[in-house]
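Asker:
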Amino acid sequence: MTMQRDGVDPFNEAAAAWFKGFAEPNRVAIVRHLLSGEHRVTDLVEHLGLAQSTVSAHVAVLRRAGMLSSQIHGRATYYALAHPDEVRSLLDLVPRGHDASH
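In terms of UniProt numbering, the sequence shown opens at residue 1 and continues consecutively.
(1) Taking the runs of the beta strand (DSSP E) that are 3 residues or longer, which of them lie wholly in the UniProt domain "HTH arsR-type" (8 to 102)?
(2) Which same chain residues, not among the five before or five after F22, have their C-beta less than 8 Å away from its C-beta?
(3) How many Å lie between T77 and A15 at the Cα?
(4) With 16 as the cutoff for other CB atoms within 10 Å, does V59 come out buried or exposed?
(5) In whole angstroms, what separates the C-alpha of A65 from that of A17?
(6) Roughly how many angstroms separate the alpha carbons of S56 and V41, rounded to a whole number?
(7) Alpha carbons only, please: which of E24, S36, F11 is nearest the one belonging to D85?
(8) Hey, out of V87, P95, G97, whose CA is closest to H33's CA?
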């Protein structure tokens, strides 16, 4: 097993970052919307009905986690899932009809 200088396994660090990405409902909504393909922040704002600054902050968390890739087309940046198959696999683990209040 490869360890970093601080004793944290790189896989454990990456897994924690991914789960942090999934730890907020609006970020889950962003990830689920990106399963349909790449989108600009303005597209995500329109889809989610959130403020641009809020969406940008969530996108930044997902990027730091390595969950998103980005491409610049003209003056716009488009975001996509860096690992869509893995994201689908994780989302498939969530029980359908699950009520978090119980």
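Beta carbons: idealized from backbone N, C-alpha and C, even for Gly. Just so we're clear, the structure is a prediction, and the values are computed from it rather than from any experiment.
Answerer: Reading it off the structure:
(1) 68 to 73, 76 to 81
(2) Taking the first residue of the sequence shown as 1, we reach residue 22 at position 22. Correct list, in chain order: V28, V31, L90.
(3) Counted from its first residue, the sequence shown places residue 77 at position 77. Counted from its first residue, the sequence shown places residue 15 at position 15. Roughly 26 Å separates the two Cα atoms.
(4) Along the sequence shown, one-based indexing puts residue 59 at 59. Its Cβ being crowded by 16 or more others within 10 Å, V59 is buried.
(5) In the sequence shown, counting from the first residue as 1, residue 65 sits at position 65. In the sequence shown, counting from the first residue as 1, residue 17 sits at position 17. Their Cα atoms are separated by approximately 5 Å.
(6) To locate residue 56, count along the sequence shown from 1; it is residue 56. To locate residue 41, count along the sequence shown from 1; it is residue 41. When rounded, the distance between both Cα atoms is 7 Å.
(7) Mapped onto the sequence shown, residue 85 falls at position 85. Measuring from the Cα of D85, the nearest candidate turns out to be S36.
(8) The residue given as residue 33 occupies position 33 in the sequence shown. Of the candidates V87, P95, G97, the one whose C-alpha sits nearest the C-alpha of H33 is V87.
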